[in-house]
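The structure under discussion appears below in the form of structure tokens.
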Ligand code: SF4
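Residue numbers (our numbering), protein chains in the order written: chain A, 28 to 354; chain B, 11 to 378.
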């Protein structure tokens with residue numbers, strides 16, 4: 028590794044994070060993959076995630092909803108049904124109990140929405156200044172149905188790439204809250220559980236692989252998939268759903284929506300879904316804005332974006348994300 | 011305004027088709043990093059005929075910031091540094107601000123100078139004021155606010171630079187052959203097109219002020235090619251730019267700053283190309299408050315040479331200077347994409363998101 032200390036770039040979910048996981052954790056722990064979830068038996072899946080978002084409360088959610096939905100989504104992407112969650116809290120001395128209650132209530136509500144039970148947890152308090160408010164770690168346990176095998180190795184030339192709605196909403200909400208940009212309408216996080224959508228896609232029989240597009244956005248995931256499969260990918264800029272305020276924000280700050288974080292969006296690889304299926308998908312909760320945005324193709328070697336004027340440009344893995352503590 | 015019309019593929023292709031009737035070799039410099047990124051992002055270099063060469067100029071504020079600035083900031087104690095994110099990975103001779111932050115320096119990434127002002131209400135804050143005419147009015151306004159609010163814990167390290175004097179310096183260099191300039195729309199909103207009238211008058215070279223949408227850029231090139239025999243400054247961005255510019259903003263700059271000579275990394279000292287804070291506002295001048303030596307490149311060069319190779323991130327072989335002058339393009343630097351990448355930038359042009367090397371790395375080579 029080029030750097031001898033941890034920098035924020037190492038936590039961004041982009042290139043430097045990959046380097047860190049590969050060089051430090053992967054080596055010592057002898058992990059089978061770089062994933063944040065694993066199968067512990069034929070049918071049991073576990074996944075874990077920590078949440079350090081700042082601010083703690085924002086339009087569309089809070090650290091509590093994120094910590095429950097985030098882990099539910101990680102478990103769901105394998106096609107598993109999330110059943111149980113464990114939650115650990117690191118709390119700063121002086122933190123308001125009222126706020127803590129608000130966070131915990133929102134966790135319970137989110138868990139109930141997905142029929143998941145929070146069954147155990149841990150609490151530690153550290154001195155003022157030793158953490159910033161509250162950090163939460165959740166671990167999810169789910170059961171994988173017998174006939175389900177979602178994996179990047181299923182992906183083939185010709186498969187379509189589908190998202191369930193507008194991209195970048197979570198980053199937009201956080202940036203707006205932090206920078207007090209007063210965008211109108213105010214951007215709200217898309218924080219939501221994605222289990223239902225994965226199940227719908229599984230029922231169509233067309234789903235090959237799905238991933239929740241959090242930190243690093245869909246561009247980072249597409250690059251990971253390319254690394255694994257070596258199959259070319261073209262995304263059509265004009266098909267990418269994006270809210271107008273997010274677009275304004277991107278133009279204002281020079282950001283690219285394909286790298287912004289989502290907390291209620293998945294990117295999925297499907298084989299030839301019919302128009303009826305897409306119509307049905309759009310009737311599902313949290314999938315009203317679903318759209319096919321690109322395809323797997325042998326036209327290119329790598330991940331490319333075809334922009335509005337018809338030229339292709341490479342969409343690379345970024346070295347680091349300029350926005351820390353997004354989730 | 012609906013920007014989609016400026017991205018209309020049919021219109022863009024029509025203009026590109028017209029461009030192919032132009033047979034002469036021409037070298038056009040896009041002065042500003044925002045244009046460099048837009049050209050890369052929209053794939054315009056590949057779209058236009060090969061005889062029309064687009065080369066990137068010095069218009070990236072991070073790229074022209076001397077590395078001594080980073081060294082001085084890293085050595086500061088007891089003050090919070092508020093900086094635009096782009097500056098964080100700019101290599102100094104003893105590491106960059108991101109690494110310094112990991113070691114304990116209090117560095118905040120901000121998007122607007124007013125955030126730094128807010129920060130200073132909690133702790134003593136130094137805002138690193140880099141930028142061109144687009145950013146400078148905001149910095150000037152922030153200083154006037156600090157003055158109105160009688161803030162004592164706020165200061166600005168003024169590194170603001172002016173585009174027109176840099177172009178003057180470039181054009182006076184006989185080695186540099188440029189047939190025309192693509193001038194930045196956003197800077198010109200403030201300065202007005204008159205700021206460039208010396209170009210055709212003194213050097214017989216024309217320019218086109220244009221926006222950042224693909225149609226703006228290709229039409230700009232088309233207009234530029236049309237004036238080669240009678241060089242002039244064309245305003246292709248009249249939806250935002252006037253002859254005289256934004257006089258309120260100019261007055262705001264004038265009130266807070268005075269023009270000075272400035273050091274541009276890669277280009278050297280350029281007369282009347284920088285801005286220093288006027289004496290009336292000197293309590294907000296960080297260079298005075300903390301005794302910072304930021305304009306002397308020799309300092310960092312010496313430090314750089316004496317530092318062990320493992321400590322120094324600035325490569326002696328970095329050719330950003332030649333790139334900023336348009337003498338070479340990034341892929342002609344031997345370090346490009348071998349040792350120098352955005353993960354491990356060896357020079358300023360690779361660090362900034364608007365730097366030419368970063369733009370070439372992202373857009374102007376294949377995916378691999
Ligand atoms: S590629 Fe790197 S070393 Fe070469 S000129 Fe660009 S920034 Fe400098």
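Heads up, the beta-carbon is just placed ideally off N, CA and C, and yes, glycines get one too.
List the residues of chain B whose Cβ lies closer than 8 angstroms to the Cβ of residue i, in chain order.
i: residue 24 of chain A; result: The structure shown does not extend to residue 24 of chain A, since chain A is modelled only from 28 to 354, so the question has no answer here.
i: residue 343 of chain A; result: 372 and 377
i: residue 325 of chain A; result: Ordered by position in chain B, no residue passes the 8 angstroms Cβ test against residue 325 of chain A, which lies about 14 angstroms from the chain.
Which residues does DSSP pair with residue i in a beta bridge?
i: residue 164 of chain A; result: A:77 and A:115
i: residue 213 of chain A; result: Paired residue(s): none; residue 213 of chain A is not in a bridge.
i: residue 272 of chain B; result: B:280
i: residue 354 of chain B; result: B:351
i: residue 118 of chain B; result: B:92
i: residue 71 of chain A; result: A:170
i: residue 153 of chain A; result: A:119
i: residue 108 of chain A; result: A:170
i: residue 287 of chain B; result: B:267
i: residue 89 of chain A; result: A:84
i: residue 341 of chain A; result: A:331
i: residue 144 of chain A; result: A:111
Can you name the residues of chain B whose CB is closer than 9 angstroms to the CB of residue i?
i: residue 331 of chain A; result: 377
i: residue 43 of chain A; result: 353
i: residue 280 of chain A; result: 121
Going by alpha carbons, who is nearest to residue i out of the options?
i: residue 78 of chain B; options: B:89, B:92, B:56 and B:101; result: B:101
i: residue 115 of chain A; options: A:342, A:266, A:285 and A:161; result: A:161
i: residue 18 of chain B; options: B:257, B:229, B:244 and B:287; result: B:229
i: residue 292 of chain A; options: A:278, A:269 and A:304; result: A:269
i: residue 321 of chain A; options: A:228, A:334 and A:307; result: A:334
i: residue 150 of chain A; options: A:118, A:211 and A:301; result: A:118
i: residue 67 of chain B; options: B:367, B:196, B:34 and B:27; result: B:367
i: residue 234 of chain A; options: A:177, A:148, A:110 and A:98; result: A:177
i: residue 224 of chain A; options: A:215, A:214, A:238 and A:216; result: A:238
i: residue 211 of chain A; options: A:309, A:148, A:272 and A:343; result: A:272
i: residue 285 of chain B; options: B:277, B:278 and B:295; result: B:295
i: residue 255 of chain B; options: B:363, B:280 and B:198; result: B:198
i: residue 109 of chain B; options: B:249, B:130 and B:85; result: B:85
i: residue 171 of chain B; options: B:189, B:183 and B:142; result: B:142
i: residue 124 of chain B; options: B:279, B:161 and B:106; result: B:161
i: residue 242 of chain B; options: B:212, B:226, B:251 and B:269; result: B:212
i: residue 36 of chain A; options: B:371, B:352 and B:376; result: B:352
i: residue 147 of chain B; options: B:135, B:194 and B:201; result: B:201
I'd like the span of the beta strand (DSSP E) that includes residue i, first residue to last.
i: residue 263 of chain A; result: 259 to 263
i: residue 40 of chain B; result: 36 to 42
i: residue 235 of chain A; result: 234 to 239
i: residue 187 of chain A; result: 187 to 190
i: residue 245 of chain B; result: 243 to 245
i: residue 331 of chain A; result: 330 to 333
i: residue 138 of chain B; result: 135 to 141
i: residue 66 of chain A; result: 64 to 66
At which residues does the alpha helix (DSSP H) containing residue i begin and terminate?
i: residue 370 of chain B; result: 366 to 373
i: residue 23 of chain B; result: 19 to 29
i: residue 174 of chain B; result: 173 to 182
i: residue 68 of chain B; result: Segment 62 to 69 is the beta strand (DSSP E) holding residue 68 of chain B; no alpha helix (DSSP H) there.
i: residue 202 of chain A; result: 196 to 206
i: residue 194 of chain B; result: Per DSSP, residue 194 of chain B belongs to no alpha helix (DSSP H); it is in the beta strand (DSSP E), 190 to 194.
i: residue 324 of chain A; result: Counting along the chain, residue 324 of chain A falls outside any alpha helix (DSSP H), though it belongs to the beta strand (DSSP E) covering 318 to 324.
i: residue 244 of chain A; result: 244 to 256
i: residue 224 of chain B; result: 224 to 236
i: residue 227 of chain A; result: 222 to 231
i: residue 275 of chain A; result: 271 to 280
Could you list which residues in chain A have their beta carbon closer than 7 angstroms to that of residue i, in chain order?
i: residue 219 of chain B; result: Result: empty, since nearest Cβ-Cβ is about 19 angstroms, beyond 7 angstroms.
i: residue 52 of chain B; result: 334, 336 and 338
i: residue 22 of chain B; result: 336
i: residue 249 of chain B; result: Chain A residues near residue 249 of chain B: none, gap ~15 angstroms exceeds 7 angstroms.
i: residue 112 of chain B; result: 32, 33 and 34
So which residues on chain A does residue i lean against when the C-beta distance must stay under 9 angstroms?
i: residue 224 of chain B; result: 334, 335, 336 and 338
i: residue 261 of chain B; result: Those within 9 angstroms of residue 261 of chain B in chain A number zero; the least Cβ separation is about 25 angstroms.
For a contact meaning CB atoms closer than 8 angstroms, what does residue i contact in chain A?
i: residue 168 of chain B; result: What residue 168 of chain B touches in chain A: nothing, since even the nearest Cβ is about 23 angstroms away.
i: residue 116 of chain B; result: Ordered by position in chain A, no residue passes the 8 angstroms Cβ test against residue 116 of chain B, which lies about 13 angstroms from the chain.
i: residue 56 of chain B; result: 338
Name the chain B residues that come within less than 7 angstroms of residue i, Cβ to Cβ?
i: residue 249 of chain A; result: Going along chain B, no residue has its Cβ under 7 angstroms from residue 249 of chain A, so there is no contact; the nearest lies around 11 angstroms.
> Who's in the neighbourhood of the ligand SF4, going by beta-carbon under 5 angstroms from any heavy atom, listed in chain order?
Replying inline: Those residues, listed in chain order, are B:328, B:329, B:330, B:343, B:345, B:346, B:350, B:356, B:357, B:359, B:360 and B:367.
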